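73 is the number of the first residue of the sequence shown in this note's numbering; add one for each residue after it.
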Amino acid sequence: MKKLRIMAILVAASLLTACESGDLADLDTFISNAGKGLRGQVDPLPEVKTFELFAYDAFDIPSPFEPRKKEQAQSAGNGIQPDLTRRKEYLESFPLESLEMVGSLEQNGIIYAVVKTPEKSLLRVGIGNYLGQDFGKINQISESEIELRELVQDGVDEWSERISTLMLKN
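Structure follows, in structure tokens:
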């Protein structure tokens, strides 16, 4: 069996060497012609322009990215500020426009309002409670409306009062 394998390898090798003619002139011609005309050409570098310095003269102009501040004399402030340390009530998490007054009731001579939240829950509020996201404190409650005092901040970080009403929904 071993002799048969060796014999098969010798026969295959002799057949392969018999097919080779030894004339490689056409291969040499192809190799020598393949490289002709393939000279790489690099474009010349573009002319570099010199950088001209720019003098920035607008240091005195106010920055458009910072809020404009009033003069110190005007911004002495009116002293109105919300109590930022106070714990917020549940109805302060909703915008005032999303709350609805749906009724009122009276207990022991004190009038309360019934307010409906966007989540469809009903809550009883009284004078001194807070509504809305602008620190709105209830000043007065009638059968048809809730009057509250809101504190809003303007563009120069000053607080101002605004009276708002929440009307009874029909």
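Don't be surprised by glycine CBs; every beta carbon is placed ideally from N, CA and C. This structure is a prediction, so every number in the text was calculated from the model and none was measured.
Mind checking who residue i pairs with in its DSSP beta bridge?
i: S232; result: V224
i: L177; result: Y184
i: Y202; result: K209
i: E172; result: K188
i: I218; result: I213, L238
Specify, as a first and last residue, the run of the beta strand (DSSP E) that residue i falls within.
i: L195; result: 194-197
Going by DSSP in three states, residue i sits in which element: helix, strand or coil?
i: E164; result: helix
i: L238; result: strand
i: L87; result: helix
i: I78; result: helix
May I ask which residues mark the beginning and end of the alpha helix (DSSP H) holding residue i?
i: N211; result: Where N211 is concerned, there is no enclosing alpha helix (DSSP H), although the beta strand (DSSP E) it sits in stretches over 208-213.
i: A97; result: 97-106
How big is the Cα-Cα spacing for residue i and residue j?
i: E233; j: E124; result: 54 Å
i: E217; j: D129; result: 58 Å
i: G107; j: D98; result: 15 Å
i: I103; j: K74; result: 43 Å
i: V224; j: W231; result: 6 Å
i: V187; j: F137; result: 41 Å
i: G204; j: D132; result: 41 Å
i: L238; j: L168; result: 8 Å
i: I58; j: S135; result: The structure shown does not extend to residue 58, since the chain is modelled only from 73 to 242, so the question has no answer here.
i: E215; j: S176; result: 6 Å
i: E164; j: K209; result: 10 Å
i: S86; j: L76; result: 15 Å
i: D229; j: Q212; result: 28 Å
i: Y202; j: Y184; result: 13 Å
i: E172; j: F126; result: 60 Å
i: V174; j: T189; result: 10 Å
i: E161; j: K241; result: 23 Å
Assess contact between the stretch 194-211 and the stretch 111-121, defined as three or more Cβ pairs (one per stretch) separated by less than 8 Å. Is contact present? no
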